[in-house]
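Working notes, structure below.
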Amino acid sequence: MPHVIIDHPLIQHKLSILRDRETPVRDFRALCTEISMLMAFEAMRDLPLEVAQVDTPVAPARVRRLAGKKLALVAILRAGLAMVDGILDLVPSARVGHLGMYRDPKSLSPVGYYAKLPSDIAERDVFVLDPMLATGGSAVAALDRIKEEGAERVRLLCILAAPEGVRAVERAHPEVEIVLAALDERLDEHGYIVPGLGDAGDRIYGTR
Ligand code: PRP
Ligand code: URA
Numbered sequence: 156m157p158h159v160i161i162d163h164p165l166i167q168h169k170l171s172i173l174r175d176r177e178t179p180v181r182d183f184r185a186l187c188t189e190i191s192m193l194m195a196f197e198a199m200r201d202l203p204l205e206v207a208q209v210d211t212p213v214a215p216a217r218v219r220r221l222a223g224k225k226l227a228l229v230a231i232l233r234a235g236l237a238m239v240d241g242i243l244d245l246v247p248s249a250r251v252g253h254l255g256m257y258r259d260p261k262s263l264s265p266v267g268y269y270a271k272l273p274s275d276i277a278e279r280d281v282f283v284l285d286p287m288l289a290t291g292g293s294a295v296a297a298l299d300r301i302k303e304e305g306a307e308r309v310r311l312l313c314i315l316a317a318p319e320g321v322r323a324v325e326r327a328h329p330e331v332e333i334v335l336a337a338l339d340e341r342l343d344e345h346g347y348i349v350p351g352l353g354d355a356g357d358r359i360y361g362t363r
């Protein structure tokens with residue numbers, strides 16, 4: 156499944172501020188929320204609709220509404236949390252799962268420390284959320300886990316990616332659509348995305 160880059164001017168403008176090292180924590184968090192909402196708006200373009208009827212104050216109207224497709228958002232902790240609220244504003248009845256994992260700084264391999272997924276995730280359309288797709292280790296581990304639970308239709312929403320991460324996910328999970336706001340040049344020797352935006356978790360929570 157090829158990746159998709161959402162090249163909307165509002166997303167690209169907000170991303171330019173997100174990347175800036177001078178952007179304060181509070182603005183950084185708000186921008187993650189806004190960008191995620193805009194990305195989800197585009198990524199959910201294909202949600203099925205059904206025809207219904209409502210009575211307006213004037214007359215009956217034939218309307219189209221969401222067909223009640225069940226959705227699940229899965230945030231990869233910590234940084235993925237910053238993407239949840241903006242998307243929940245769009246789809247408030249989505250269930251939310253959490254997968255805790257951090258990258259070992261030497262091996263760059265993901266270390267899992269928490270998992271709580273909706274019990275009926277196998278019946279839901281799943282959106283996995285993490286602002287950063289670097290080596291792809293965390294995303295692949297998250298997707299492995301979600302697939303183990305039986306989920307079949309899974310998409311990965313990341314604000315930034317390196318080509319290495321996109322390739323790793325495409326190799327391990329070729330049917331998963333990857334939705335990005337930008338695809339950067341490369342990884343540096345510490346596994347950071349270049350030019351990237353630094354450590355997303357630290358910038359969201361003001362740690363370090
Ligand atoms: C960051 C990011 C991803 C991961 C990406 O999390 O949010 O989860 O790195 O790197 P990868 O593609 O090489 O796996 P980090 O491990 O820094 O944890 P944190 O969100 O708790 O800070
Ligand atoms: N995780 C981050 O938060 N930033 C990167 O550039 C790479 C991994």
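For the sequence shown, the numbering used here assigns the number 156 to the initial residue and increments by one for each residue that follows. Just so you know, even glycine gets a beta-carbon here, dropped at the ideal spot from N, CA and C.
Segment limits, alpha helix (DSSP H) that includes methionine 192:
Looking at the DSSP string, the run of the alpha helix (DSSP H) that includes methionine 192 is 180 to 198.
What does DSSP give as the partner residue(s) for valine 159 in the beta ladder?
Within the DSSP secondary-structure output, valine 159 pairs in a beta bridge with Val334.
Sort Glu344, Lys169 and Leu352 by Cα distance to proline 260 and report the nearest one.
The shortest C-alpha separation from proline 260 is found at Glu344.
Glycine 361 to arginine 176, Cα distance in whole Å?
Taking the straight line from one Cα to the other gives about 12 angstroms.
On the DSSP bridge list, what partners appear for isoleucine 348?
Answer is Leu342, bridged to isoleucine 348.
8 angstroms contact criterion, which glycine 241 and proline 273 should meet: CB distance rounded
A Cβ-Cβ separation of about 19 angstroms leaves glycine 241 out of contact with proline 273 under the 8 angstroms criterion.
In whole angstroms, what is the alpha-carbon distance linking phenylalanine 183 and valine 246?
C-alpha separation (whole angstroms): 23 angstroms.
To the nearest angstrom, how far is it from the Cα of valine 206 to the Cα of arginine 219?
Answer to the nearest angstrom: the Cα atoms are 5 angstroms apart.
Let's test the definition: count the other Cβ atoms within 10 Å of the Cβ of alanine 214 and tell me whether it reaches 16, buried, or not, exposed.
By the neighbour-count rule (16 or more Cβ atoms within 10 Å), alanine 214 is not buried but exposed.
If I follow the unbroken alpha helix (DSSP H) through lysine 302, where does it start and stop?
Judged by DSSP secondary structure, lysine 302 falls within the alpha helix (DSSP H) whose first and last residues are 292 to 303.
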